[in-house]
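Q:
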Amino acid sequence: MSPSNKMELPNAVFHLLISMLFLLVHHVSSQRSTYIIHMDKTSMPKAFSSHHFWYSSLLTSSKSVSQNADKSEPKLIYTYDHAFHGFSAVLSTDEVESLKNSAGFISAYKDGVAMPDTTHSTKFLGLTSASGLWPASNYGKDVIIGIIDTGIWPESPSFKDDGMTEIPARWKGACNGGEDFNSSLCNKKIIGARYFNQGGRASNPDREFKDSARDDDGHGSHVASIAAGNIVEGVSFFGYAPGTARGVAPRARLAVYKVLFFGAAESDLLAGMDQAVADGVDIISVSISSRAENLYESPFAIASFGAREKGIMVCTSAGNRGTRGVRTIFKGVPWAMVVASGTVDRWFAGTLTLGNGKTITGWTTFPARANIRNLQLVYNQTSSACDSPDFFTDAPPDSIFICNLNTGNADLGTVMLYQPGTNVRASIVITSTTAEIFRSTSFPEPGVVITPEEGEEVIRYASTSASPTATIDFQQTILGRGGPRGVPALSDDSSRGPGVSYERILKPDIMAPGVLILAAFHPQLMATRIGRNIDLSSDYNLISGTSMACPHVSGIAALLKAAHPDWSPAAVQSAMMTTANPLDSNKQPIKDLEGIEASPLGIGSGHVDPNRALDPGLVYDASVQELVNLVCSMNFTRNQTQTIIKSSYRCLNPTADLNYPSFVALIRAEEIGRTLTRRFRRRVTNVGNGAATYKVTVEVPVNTTAVVEPQTLVFRKKNETKRYSLTIRYKADIEIQHREGAVIWIDQTGKYRVRSPIMVSAAADNFE
Ligand SMILES: *[C@@H]1O[C@H](CO)[C@@H](O)[C@H](O)[C@H]1NC(C)=O
Ligand SMILES: *[C@@H]1O[C@H](CO)[C@@H](O)[C@H](O)[C@H]1NC(C)=O
Ligand SMILES: *[C@@H]1O[C@H](CO)[C@@H](O)[C@H](O)[C@H]1NC(C)=O
Ligand SMILES: *[C@@H]1O[C@H](CO)[C@@H](O)[C@H](O)[C@H]1NC(C)=O
Ligand SMILES: *[C@@H]1O[C@H](CO)[C@@H](O)[C@H](O)[C@H]1NC(C)=O
Ligand SMILES: *[C@@H]1O[C@H](CO)[C@@H](O)[C@H](O)[C@H]1NC(C)=O
1 MSPSNKMELP NAVFHLLISM LFLLVHHVSS QRSTYIIHMD KTSMPKAFSS HHFWYSSLLT
61 SSKSVSQNAD KSEPKLIYTY DHAFHGFSAV LSTDEVESLK NSAGFISAYK DGVAMPDTTH
121 STKFLGLTSA SGLWPASNYG KDVIIGIIDT GIWPESPSFK DDGMTEIPAR WKGACNGGED
181 FNSSLCNKKI IGARYFNQGG RASNPDREFK DSARDDDGHG SHVASIAAGN IVEGVSFFGY
241 APGTARGVAP RARLAVYKVL FFGAAESDLL AGMDQAVADG VDIISVSISS RAENLYESPF
301 AIASFGAREK GIMVCTSAGN RGTRGVRTIF KGVPWAMVVA SGTVDRWFAG TLTLGNGKTI
361 TGWTTFPARA NIRNLQLVYN QTSSACDSPD FFTDAPPDSI FICNLNTGNA DLGTVMLYQP
421 GTNVRASIVI TSTTAEIFRS TSFPEPGVVI TPEEGEEVIR YASTSASPTA TIDFQQTILG
481 RGGPRGVPAL SDDSSRGPGV SYERILKPDI MAPGVLILAA FHPQLMATRI GRNIDLSSDY
541 NLISGTSMAC PHVSGIAALL KAAHPDWSPA AVQSAMMTTA NPLDSNKQPI KDLEGIEASP
601 LGIGSGHVDP NRALDPGLVY DASVQELVNL VCSMNFTRNQ TQTIIKSSYR CLNPTADLNY
661 PSFVALIRAE EIGRTLTRRF RRRVTNVGNG AATYKVTVEV PVNTTAVVEP QTLVFRKKNE
721 TKRYSLTIRY KADIEIQHRE GAVIWIDQTG KYRVRSPIMV SAAADNFE
């Protein structure tokens, strides 16, 4: 359940396995499980003074008609009333069946397991005190970000409230004290702290849950400090990434909802989001994975809909399942902003200096200043594959050993395993398969990773010089250089679209920094390791994942909300998406860490550009009724639809053509060989100052025609709205799974470029 940045089995996976095991065991010993029940609140009989009493009475009567011989009672866990209506309870299948006959019952499904996906980035994003979004938003002053995660380590200097003003009177939340968490630990930065563990407890009765918002993992503190950490000078990760830590919105407030203990129950996630809505947060940030495939069974999707209804923007992580050519984004939620993870322009180096004076900046995160100076450099062709421990013991004393991983079966982890206790004092690791190395801080032995080209030069020197030597200087940080590719690059583990739960809205929406991000951490847990058994802890940790990308976008959303209090969540999202950059530092389309073009299925609209998002020119807005119309078009049963939209809305005008700032045209299996036409209608609102004329440029996907009508939009004043349509025609061929293009509206002064990607993609039933 901790960020999956380690090379060993990620804790998240481990915890998930453990909790699944508990769920299984529990399931065998009793027929009861936790269910989440959705109710139509308008059906509540007048006799009940509150929904809580109504739900309790339903539970009691479900028991009395139950045939279940087992003596245990149905048990109410939570009642929900803000993000959606209903409750969760431990029930037998008979009791669930009985509840289905109650007036107002809409749907019931079993509680699932959720888990977390697991600072220089503000500068990389171009945020500066001199101009742009930071000063325009007063650094996010008074915007409240709800963090749904593993809790918080409130003593971290990132959560000090220096420079923060009084808590806004509109805040309705609370700081709940608990085990190892005195409520006096909250301040003007952390204005709320609550915990939700009853669902987890019901599914794992044998485990101990701390009744507290105390972060016992580090993930929650890391994520919270990325979004809105205060300014802390002089931090680093064992000498790497030294500098000032600051959140994206350093003057925004944090409200913390701990729902992740070891593997979270989705009922707890739902309770946290429901409470955040009730407390009055402005943004909800959820760096948690959920594998629900149907929107109407996904607590995250349902609660996000409820949040959007109340004007709250929800940002979430795309997930860390990779992989090019596979649909791995489960959260295809049209009303939440789904964030992919990319690299920043920072390189952690060990400078390798050869005896002949030549220097190479290799990659390392070895967490100390190892003294590797003028040692014998050894290249032995027979043993350079480094895939046997004997090769290391056979090396001459106090040597630097060259390992060419392209010639054998070893990887960096193998080298790190074989090296300790041998004659080898440091390794020079030559490898071309490196994507994973550049997002991990696991580097327990002295060494550097270099490219095959650099390797050739080192080998040549080591094989021709009479007495080759080398020196390595650790703890170097080089800015302006990213991984081996352009910057940013899409992280290889960032999940890819189209969304599994809904594919007709392009997901992910956007990419943000998520690789080796420095932020606050649990100071008493292992941050990294030296050798096999020296665990090191740190107040600040470098962690990678879409979990880290998501709070960057939540922080930017907070800044935009502060700068434009009248913008809807859809407008804030549109501003970020239409100004995102699809190109990297080489002005080439953003690639993944393996050098393959990432496409909107990996990066959405592109890399977030906060200063441009401040003033996007046009926005694609969407009302709650339009989201309802979208849900109504999804061909769900009446009850499935009601589970999401609740009783306050009706399906009057179902349409899948949501006013969204991106386009996806799908090819279904049965359509192969045909020529398809898709028409999209869109509406843009002028949020620039005064009159403006926009002309369209269309980047047409290969072998496709794309026509925009009209081609010019004339706005006479601010806030005016204009409509246009995009019609694309394409041959549904099998060979070409994805083609991309864009619709770009450019105003006559050239100041605004409002860009929306077009993706022609295979549909789920036709995905390779
Ligand atoms: C759908 O909801 C109605 C009440 O709104 C309920 O009577 C019915 O049993 C539900 N149907 C299913 C299949 O759950
Ligand atoms: C919580 O902190 C306050 C103020 O520091 C202190 O007076 C109180 O005793 C503490 N409560 C507990 C339970 O430790
Ligand atoms: C090269 O390595 C092999 C395997 O460890 C060893 O047997 C051999 O003696 C080494 N050669 C030299 C010149 O050191
Ligand atoms: C819903 O059903 C209609 C009619 O069968 C069909 O045209 C449409 O594509 C379906 N929508 C989805 C989201 O499956
Ligand atoms: C475009 O169409 C031509 C002719 O059908 C085909 O050979 C080519 O592979 C297509 N290219 C792409 C990128 O779809
Ligand atoms: C534009 O709309 C916003 C929100 O509705 C409003 O606050 C603002 O005053 C409007 N501006 C103009 C120039 O009409």
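Residue numbers for the sequence shown follow the UniProt record's numbering, beginning at 1 and rising by one.
Using N, Cα and C, we set each Cβ at its ideal position, and we do this for glycine too.
Small disclaimer: the values here were computed from a predicted structure and weren't measured.
#1: Rounded to a whole number of angstroms, what is the C-alpha to C-alpha distance between T749 and A692?
#2: Give a single yes or no on whether D493 has its beta carbon closer than 6 Å to a heavy atom of ligand 6.
#3: With distances taken between CB atoms, is the gap from I428 to I459 smaller than 7 Å?
#4: For ligand 2, is there any heavy atom lying closer than 6 Å to the beta carbon of N182?
#5: Quick check: what's the CA-CA separation for A762 versus S432?
#6: Just verifying my parser: in three-state terms, what is the DSSP assignment at T359?
#7: How should L24 be labelled, buried or exposed, when 16 other C-beta atoms within 10 angstroms of its C-beta is the threshold for buried?
#8: Can you give the Cα-Cα distance for V90 and G200, rounded to whole angstroms?
#9: For V500, I'd like the list of residues in its chain whose CB is within less than 7 Å of its CB, leaving aside the five on either flank, ordered along the chain.
#10: Just reading off the beta strand (DSSP E) that I645 is part of, what are its end residues?
#11: Kindly examine ligand 6 and report whether one of its heavy atoms sits closer than 6 Å to the Cβ of N719.
#12: In angstroms with no decimal places, state the Cα-to-Cα distance between V449 and D411.
#13: For G86 versus I37, is the C-beta distance shorter than 7 Å?
#14: What's the gap between the Cα of T464 and the Cα of Q381?
#15: DSSP beta-bridge partners for N581?
#16: Mind the definition here: the segment 535-545 touches the segment 231-244 only if three or more C-beta pairs lie below 8 Å; say whether that holds.
#17: Heavy atom of ligand 3 less than 6 Å from the Cβ of D394, yes or no?
#18: Could you check if K380 belongs to the surroundings of ligand 3, using beta carbon to heavy atom distance under 6 Å?
#19: Buried or exposed: K751, going by 16 or more other Cβ atoms within 10 Å of its Cβ?
#20: Measure how close the beta-carbons of A83 and A228 come, nearest whole angstrom, since I'm counting them as under 8 Å.
#21: Should T697 go down as buried or exposed, given a rule of 16 or more other Cβ atoms within 10 Å for buried?
#22: What does L91 pair with, by DSSP beta-bridge criteria?
#23: Can the beta-carbon of F391 be found less than 7 Å from the beta-carbon of S383?
#24: Is C550 helix, strand or coil when you go by DSSP?
#25: Under the three-state reduction of DSSP, which class applies to C175: helix, strand or coil?
#26: With a threshold of 6 Å (Cβ to nearest heavy atom), would F391 be considered close to ligand 3?
#27: Measuring only the C-alpha atoms, how far is Y55 from Y35?
#28: Let me know the secondary structure DSSP gives Q476 once reduced to three states.
#29: Using DSSP with H/G/I as helix, E/B as strand and the rest coil, what is L516?
#30: Is D566 near ligand 6, going by C-beta to nearest heavy atom under 6 Å?
#31: For L383, write down the residues that DSSP places opposite it in a beta bridge.
#32: Under 6 Å Cβ to Cβ from P757, same chain only, skipping five residues before and after it: list those, please.
#33: If you follow the beta strand (DSSP E) that F237 is in, where does it begin and where does it stop?
#34: Could you name the residues of the same chain whose beta carbon sits closer than 6 Å to that of V232, not counting the 5 residues immediately before and after it, in chain order?
#35: List, from N- to C-terminal side, the beta strand (DSSP E) runs of 3 residues or more that fit wholly inside the segment 611-679.
#36: Assign V754 to buried or exposed, taking buried as 16 or more other Cβ atoms, counted over all protein chains shown, within 10 Å of its Cβ.
A: Inspection of the coordinates gives the following:
#1: 9 Å
#2: no
#3: no
#4: yes
#5: 31 Å
#6: strand
#7: Unreliable placement is indicated for L24, whose pLDDT of 33 sits below 50; the coordinate value is still reported in the next sentence. Answer is exposed; the Cβ neighbour count stays below 16.
#8: 11 Å
#9: E293, R327, I329, F330 and G332
#10: Run containing I645: none in the beta strand (DSSP E); it sits in the alpha helix (DSSP H), R638 to I645.
#11: The answer is yes for N719.
#12: 11 Å
#13: yes
#14: 13 Å
#15: In the DSSP assignment, the residues bridged to N581 are H607.
#16: yes
#17: yes
#18: Residue identity differs from the one stated: residue 380 is Asn in this sequence, not Lys. Yes, the Cβ of N380 comes within 6 Å of a heavy atom of ligand 3.
#19: exposed
#20: In fact, because the Cβ distance is near 22 Å, the residues do not count as touching under 8 Å.
#21: exposed
#22: S33
#23: yes
#24: Three-state DSSP puts C550 in a helix.
#25: strand
#26: yes
#27: 13 Å
#28: Of the three classes helix, strand and coil, the one that applies to Q476 here is strand, per DSSP.
#29: If DSSP states are grouped into helix, strand and coil, L516 belongs with coil.
#30: yes
#31: For the sequence presented, residue 383 should be read as Ser rather than Leu. DSSP lists no partner for S383.
#32: P600, S605, S662 and A742
#33: From DSSP, the beta strand (DSSP E) with F237 extends over V232 to F237.
#34: Residues P157, S158 and A245 of the same chain have their beta carbon placed closer than 6 Å to that of V232, with the five preceding and five following residues left out of the count.
#35: 663-667
#36: When all chains shown are included, V754 counts as buried.
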